Amino acid sequence: MAAQNPTKVRLAETEIEIWPNDVAVQDWVEPNVKIAVFNDTAAFHSRLVERTLALESDPALAKPFPGYAGSAKVYHLERWDCPEAELIHRRAIELFKRSLGTQNAAVDLSWANIYREGDYCLPHSHVRATASIVYFLELGLDPGSDSASGDAGQGRFCFADPRLKVCCREEEHAMTTPGGPTACNGMMIMFPGKIVHMVDVFKRPGPRITLSWNVNEYPVPGSPFPE
Numbered sequence: 261m262a263a264q265n266p267t268k269v270r271l272a273e274t275e276i277e278i279w280p281n282d283v284a285v286q287d288w289v290e291p292n293v294k295i296a297v298f299n300d301t302a303a304f305h306s307r308l309v310e311r312t313l314a315l316e317s318d319p320a321l322a323k324p325f326p327g328y329a330g331s332a333k334v335y336h337l338e339r340w341d342c343p344e345a346e347l348i349h350r351r352a353i354e355l356f357k358r359s360l361g362t363q364n365a366a367v368d369l370s371w372a373n374i375y376r377e378g379d380y381c382l383p384h385s386h387v388r389a390t391a392s393i394v395y396f397l398e399l400g401l402d403p404g405s406d407s408a409s410g411d412a413g414q415g416r417f418c419f420a421d422p423r424l425k426v427c428c429r430e431e432e433h434a435m436t437t438p439g440g441p442t443a444c445n446g447m448m449i450m451f452p453g454k455i456v457h458m459v460d461v462f463k464r465p466g467p468r469i470t471l472s473w474n475v476n477e478y479p480v481p482g483s484p485f486p487e
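In our numbering, the protein residues as written are 261 to 487.
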């Protein structure tokens, strides 16, 4: 009988810890924004990228989500029949639990965002989400590129919210400076779902791939998809 709370996920060649001992949850500049960086990406990222792109043409998982510009989306990581996706899905749940000090976590929706040249995402918040989580799977940048350099066209993830002090450097509650952490492949970030965030236009061939989750302590009734 399988353990009810497994600590590892079996991949093709090995077992990988859901939460490695060397990974700490850290505050970003804002205390309600949490970051964890995983250093074992070489063991599974290439297969996860391959699976994500393969599912982009699956009509059961790739669905339109009106209201957002830009990237293609593939939903429901838990249905991907992919141990690498299961590993990242479990890590997102564990980040939520560790950050909020709870044993309960209910994923309302999970999905992949696939950006190609010219794609972007307008400023928005997430409904039905105590917390939103983003995992940077593939930034799609040239080797040696600095994602914090401010170079337009890198598809940078930013917060643009007047409730965040880091975005209001000239006047309180006046959003003048979108900003975010320096992203890298293997970074996972968690923030309140209602915080406004965006992705700058991506001007590289790509793909740029992130994975996302909306999570609550307990399930929210109804469908996460708009009518």
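Every residue gets a Cβ at the ideal spot worked out from N, C-alpha and C, and that includes glycine. Note that the structure is predicted; figures quoted are calculated from it, not measured.
Rounded to whole angstroms, what's the CA-CA distance from residue i to residue j? Just pull it up for me.
i	j	result
G410	A443	With a pLDDT of 48 at G410, under the threshold of 50, the predicted position of this residue should be treated as unreliable, though the coordinate-derived value follows. Approximately 12 angstroms between the Cα atoms of the pair.
L471	T274	23 angstroms
L313	P343	15 angstroms
P452	D287	13 angstroms
S483	D341	22 angstroms
A303	L271	9 angstroms
K268	Y478	24 angstroms
I276	E430	45 angstroms
P383	N265	37 angstroms
L337	L315	10 angstroms
Am I right that residue i and residue j are in contact with their C-beta atoms under 8 angstroms? What's the rounded C-beta distance?
i	j	result
V367	I353	7 angstroms
K294	M450	4 angstroms
V309	E377	Not confirmed; about 17 angstroms, so no contact.
Tell whether a beta-carbon distance below 7 angstroms holds between residue i and residue j.
i	j	result
A391	F419	no
K323	N373	no
A365	V475	yes
M448	A296	yes
V285	S370	no
R423	D460	no
S385	V289	no
P467	G400	yes
T375	S331	The residue asked about is misnamed: residue 375 is Tyr in this sequence, not Thr. Their beta carbons are under 7 angstroms apart, which means Y375 touches S331 by this criterion.
Based on the DSSP secondary-structure assignment, which residues constitute the bridge partners of residue i?
i	result
C381	V459
E277	K268
M448	A296 and Y395
Q | Runs of alpha helix (DSSP H) wholly within the segment 283–368 (minimum 4 residues, chain order) | A | Within the segment 283–368, the complete alpha helix (DSSP H) runs of at least 4 residues fall at 305–315 and 343–360.
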